[in-house]
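In my numbering, the protein residues as written are 10 to 579.
Ideal Cβ placement from N, Cα and C applies to all residues, glycine included.
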């Protein structure tokens with residue numbers, strides 16, 4: 010007899026996949042685009058994604074992510090092989106044909122064990138009935154797999170997000186943009202699509218939620234110097250919360266605001282978990298839970314969450330990256346290296362996994378060449394810590410110009426970011442005795458931060474303490490000791506919002522005291538970042554000892570610490 014699904018069921022136990030135990034679940038292959046106009050590929054992709062979203066609301070099903078399924082589809086595997094690879098009982102195939110105001114969606118559900126088509130359907134409808142098609146597909150699959158749905162789940166499956174086809178098309182195009190990761194550059198493109206979507210249908214909750222997240226991500230990346238986007242995000246989420254209280258997309262919007270803008274990761278985690286009760290198999294929600302645990306430094310829970318996410322997203326590079334990060338945070342470097350080597354074989358063009366593998370080899374084995382090789386293979390260095398690590402590897406091997414070049418490569422339109430890059434380059438130049446070049450860059454950086462503070466510009470990412478410490482370090486580098494000391498007092502008086510800001514604050518204060526000629530105070534501040542979230546691992550200190558000797562070698566505490574650290578490895 011069918012088993013009634015609870016309103017907030019747990020997902021099946023997560024394991025990684027190659028010859029897995031088979032659980033009740035569906036691998037939904039990408040829907041073929043049979044439309045006369047090839048530009049409608051985004052529409053077929055959108056139908057595929059929306060069917061997955063509907064199915065993920067049925068908690069008893071394991072439903073693999075869209076990205077994983079697209080990667081699987083490229084391999085042309087047989088249905089039975091897909092089932093064994095992903096550990097699910099059924100595979101869904103489909104196609105979409107859109108012409109004018111008509112749409113035809115064809116689907117067939119296959120039992121992977123027998124290769125039998127257990128259900129198939131053709132839906133010929135008006136275009137504005139496409140949401141009903143998505144709901145009917147999800148409900149039919151639940152019936153075929155003998156899952157009875159609670160009234161609440163059925164209501165969620167029957168939700169119609171918009172009646173405006175123009176708004177829906179813009180929304181689907183924005184979703185496609187989000188899937189092509191370009192860092193901060195992704196979000197202005199999404200905003201340009203979602204703002205007219207929301208204007209066309211102010212009641213389109215999902216478009217509003219995506220737009221609020223895009224605004225928030227601009228702030229998260231430090232690309233909101235005037236707080237314009239953060240204000241838009243706050244206003245939009247407040248409206249969503251008022252108009253749709255308790256709806257899962259409303260909870261998700263609130264969670265994303267807490268994460269992206271407030272950096273209140275504990276509160277974000279609560280909201281993500283509340284959203285999970287309604288969206289139990291939604292990878293975006295699970296990724297929010299995982300990321301919040303990471304930012305809170307709850308590393309054991311973070312590892313469990315990444316492995317759970319990996320079960321639904323096994324063919325996506327970022328799930329490997331995040332699991333590597335969790336293993337790294339727990340000091341399980343050998344496991345991290347083994348997983349990283351598996352990831353780079355599987356995704357040879359993915360930069361994040363290549364970087365974290367190089368970082369693991371550096372920290373565990375002192376393998377500077379691994380970091381140099383990574384730097385030669387990838388020119389973008391989109392991982393936050395990557396330019397600094399590659400620059401240090403080049404510096405300690407005598408490639409000063411190479412170190413300067415990699416520091417400079419991230420210059421863009423944001424003047425505050427550029428000032429920080431100027432300061433980093435000035436610091437390197439100072440270390441090798443090129444004082445006149447260093448002073449010119451330091452003065453340029455100082456002019457920028459001095460003007461920003463005088464104008465009352467908001468602190469980047471809302472991190473007031475870290476911002477004043479950074480400004481103070483730049484002032485000290487430029488030779489203005491009085492202003493540096495004043496900004497250091499401001500930094501120490503400001504509240505610290507998160508673990509990541511605490512680490513950033515300590516790093517900048519270490520620079521500040523170093524530039525003011527107090528290496529002991531500098532090292533005491535730097536030492537608090539060792540093995541902290543986004544801080545400096547012990548292995549990095551060992552591998553780049555000749556670099557850190559130049560920074561802190563006059564500190565007795567540093568020399569004692571490094572002597573002990575080196576002795577441990579002998």
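As summarised for the region 184–270, the continuous alpha helix (DSSP H) elements at least 4 residues long and confined to that stretch are 195–209, 214–229, 237–252, 257–266, given in chain order. Below 8 angstroms, enough C-beta pairs join the region 355–369 and the region 380–398 to call them touching: three or more. The beta carbons of residue 455 and residue 482 sit about 10 angstroms from each other, so the pair does not count as a contact at 8 angstroms.
Every alpha helix (DSSP H) stretch that sits fully inside the region 57–130 and reaches 4 residues is listed by chain position as 75–83, 88–95.
Assignment of residue 165 by DSSP, reduced to helix, strand and coil, places it in the helix class. Pairing residue 457 with residue 478, the inter-Cα distance amounts to about 15 angstroms.
The region 273–288 and the region 308–318 do not touch, with fewer than three beta-carbon pairs separated by less than 8 angstroms. In this structure, DSSP gives residue 456 a helical state, which the three-state scheme calls helix. For residue 541, there is no enclosing alpha helix (DSSP H), as DSSP marks it with neither H nor E. The DSSP-derived three-state label of residue 34 is strand.
Annotation: the region 389–471 contains the following complete segments of the alpha helix (DSSP H) (minimum length 4 residues), in chain order: 395–405, 409–417, 424–440, 444–463. When DSSP states are grouped into helix, strand and coil, residue 134 belongs to the strand group. Look at residue 372 here: in three-state DSSP terms it is helix. Here the region 114–125 makes no contact with the region 181–195; the two share fewer than three CB pairs at distances below 8 angstroms.
When Cβ pairs closer than 8 angstroms are counted between the two stretches, the region 90–102 is seen to touch the region 37–45, the count reaching three or more. For residue 316, the enclosing alpha helix (DSSP H) stretches over residues 308–321. Between the beta-carbon of residue 513 and that of residue 472 there is about 7 angstroms, and that keeps the pair under the 8 angstroms contact cut. Scanning 205, 277, 522 for the CA closest to the CA of residue 561 turns up 522. Bridge partners of residue 330 according to DSSP: none are assigned.
Of the other Cβ atoms in all chains shown, fewer than 16 fall within 10 Å of the Cβ of residue 460; this residue is therefore exposed.
In terms of Cβ geometry, residue 62 and residue 291 form a close pair [threshold 9 angstroms]. Residue 545 places its beta carbon less than 9 angstroms from that of residue 535. Assignment of beta-bridge partners to residue 41 by DSSP yields 104. If you draw a straight line from the Cα of residue 337 to the Cα of residue 351, it is about 16 angstroms long. Going by C-alpha positions, residue 224 is about 10 angstroms away from residue 236. Considering only 439, 403, 484, 255, the residue with the shortest C-alpha distance to residue 286 is 255. Only residues of its own chain outside the window of five on either side were considered, and among them 38, 39 have a CB closer than 8 angstroms to the CB of residue 82, listed in chain order. Per DSSP, residue 490 is one residue of the alpha helix (DSSP H) stretching across 490–502.
Spatial neighbours of residue 128 in its own chain (CB-CB distance under 6 angstroms, excluding positions within 5 residues in sequence) are listed in chain order as 118, 153. Between residue 329 and residue 372, the CB-CB gap reaches or exceeds 9 angstroms. Restricting attention to 406, 309, 193, 515, the CA atom closest to the CA of residue 422 is found in 193.
Contact holds between the region 169–180 and the region 134–143, because three or more Cβ pairs, one in each stretch, are under 8 angstroms apart. Note on residue 324: 16 or more other CB atoms within 10 angstroms of its CB, so buried under the neighbour-count rule. Around the CB of residue 105, 16 or more other CB atoms lie within 10 Å, so the residue is classed as buried. The beta-carbon separation of residue 564 and residue 510, rounded to 24 angstroms, does not stay under the 8 angstroms limit for a contact.
Going by C-alpha positions, residue 427 is about 56 angstroms away from residue 130.
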